[in-house]
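In this note's numbering, the protein residues as written are 81 to 361.
The beta carbon of each residue, even a glycine, is placed where N, CA and C say it ideally should be.
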Ligand code: SF4
């Protein structure tokens, strides 16, 4: 099997896994939330989510009817004889044909659907440089319910950290049950408009228990998480203390006159998975 074909296989397996299973950290957080809820409706919702997960995993069927849009992240040496874009495209086409992905991708104006989840700039692929013979791939599936709650706010810099906290909590409150809570929220701060959204998405790749390495950002994640859970939206927005399973923050330096803040929502079906390919192996 050629190296390129091996990469396509890795991408396809990741799509199958993300479509039908949740990462262990998300499952554990849902189990912990279920045990901690006193509200009977919240508890019942979390039980239904966990039962849904068990059945999907056992039968190898998608966790949710909306299998989202796939995002691929590659960390690899650009000198390797590999085309990650082509590997992702082929894998997406095959996963759609095999029923692991619903054909969600349409032209934005005509709404024409080619039925294979391919199209201009689709699937979304980001490639990051790194040295060595190991290629790391991560796939994230983002459903429309949560993606439609995304936000980019060019905050006035004088609003500062308190302004960021206020806008984040307000945005989650306004989203209500739309992103299918409990959510995981990615917050991208700084950079330019484009980078802040990329940072918000990248922060979602960090496993739930992993806090930001910098103490001030770690404290911000913890405070946002507490304030969001105090909103009382609960699972599916029907009340309870588990509105979010985690908040992840990432930042970049920015223009002195700017303070972009981006929010990227993941629903309870927080589908991500990673794998690596040893080029020499
Ligand atoms: S937001 Fe998530 S759980 Fe809700 S319908 Fe979309 S993919 Fe499914």
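Counted within 10 angstroms of its Cβ, other Cβ atoms place residue i as buried (16 or more) or exposed
i, result
"residue 208", "exposed"
"residue 128", "exposed"
"residue 345", "buried"
"residue 388", "Nothing about residue 388 can be reported from this structure: the residues present for the chain run from 81 to 361 only."
"residue 290", "exposed"
"residue 112", "exposed"
"residue 85", "exposed"
"residue 226", "buried"
"residue 223", "buried"
"residue 238", "exposed"
"residue 38", "In this structure the chain extends from 81 to 361, so residue 38 is not present and cannot be described."
"residue 99", "buried"
"residue 109", "buried"
"residue 189", "exposed"
"residue 236", "exposed"
"residue 351", "buried"
"residue 203", "buried"
Straight-line Cα distance separating residue j from residue i
i, j, result
"residue 412", "residue 168", "Because residue 412 is not part of the residues shown, which for the chain are 81 to 361, the question remains open."
"residue 242", "residue 355", "38 Å"
"residue 154", "residue 254", "34 Å"
"residue 362", "residue 138", "Because the chain in this structure spans residues 81 to 361, residue 362 falls outside the shown range and cannot be described."
"residue 286", "residue 265", "11 Å"
"residue 104", "residue 343", "24 Å"
"residue 248", "residue 257", "16 Å"
"residue 165", "residue 150", "12 Å"
"residue 283", "residue 353", "14 Å"
"residue 229", "residue 336", "28 Å"
"residue 333", "residue 278", "14 Å"
"residue 193", "residue 273", "29 Å"
"residue 141", "residue 338", "45 Å"
"residue 173", "residue 310", "42 Å"
"residue 206", "residue 120", "42 Å"
"residue 217", "residue 145", "24 Å"
"residue 198", "residue 357", "24 Å"
Endpoints, beta strand (DSSP E) assigned at residue i
i, result
"residue 355", "351-358"
"residue 172", "Careful: residue 172 lies outside any beta strand (DSSP E), inside the alpha helix (DSSP H) at 164-177."
"residue 150", "149-156"
"residue 265", "263-271"
Residue i: first and last residue of the uninterrupted alpha helix (DSSP H) it sits in
i, result
"residue 116", "104-116"
"residue 81", "That residue, residue 81, is in no alpha helix (DSSP H); it is neither H nor E in DSSP."
"residue 341", "Element bounds for residue 341: not the alpha helix (DSSP H) but the beta strand (DSSP E), 340-346."
"residue 27", "Only positions 81 to 361 of the chain appear in this structure, which leaves residue 27 out of reach."
Supposed close pair residue i, residue j - CB separation, criterion 8 Å
i, j, result
"residue 160", "residue 359", "6 Å"
"residue 262", "residue 315", "6 Å"
"residue 184", "residue 148", "7 Å"
"residue 25", "residue 340", "Residue 25 is absent from the model: the chain starts at 81 and stops at 361."
"residue 331", "residue 269", "4 Å"
"residue 301", "residue 292", "6 Å"
"residue 122", "residue 326", "Not quite, the Cβ-Cβ distance comes to about 17 Å (not below 8 Å), so this is no contact."
"residue 328", "residue 267", "7 Å"
"residue 171", "residue 275", "About 27 Å separates the two Cβ atoms, so there is no contact after all."
Residue-level contact to chain D via CB, residue i, 8 Å cutoff
i, result
"residue 339", "The question asks about chain D, but that chain is absent: this structure has only one protein chain."
Could I get the ranges of all uninterrupted alpha helix (DSSP H) runs contained in the region 186-250, with 4 residues as the minimum, in chain order?
224-227
Which full runs of the alpha helix (DSSP H) of 4+ residues lie inside the region 300-344, going along the chain?
none
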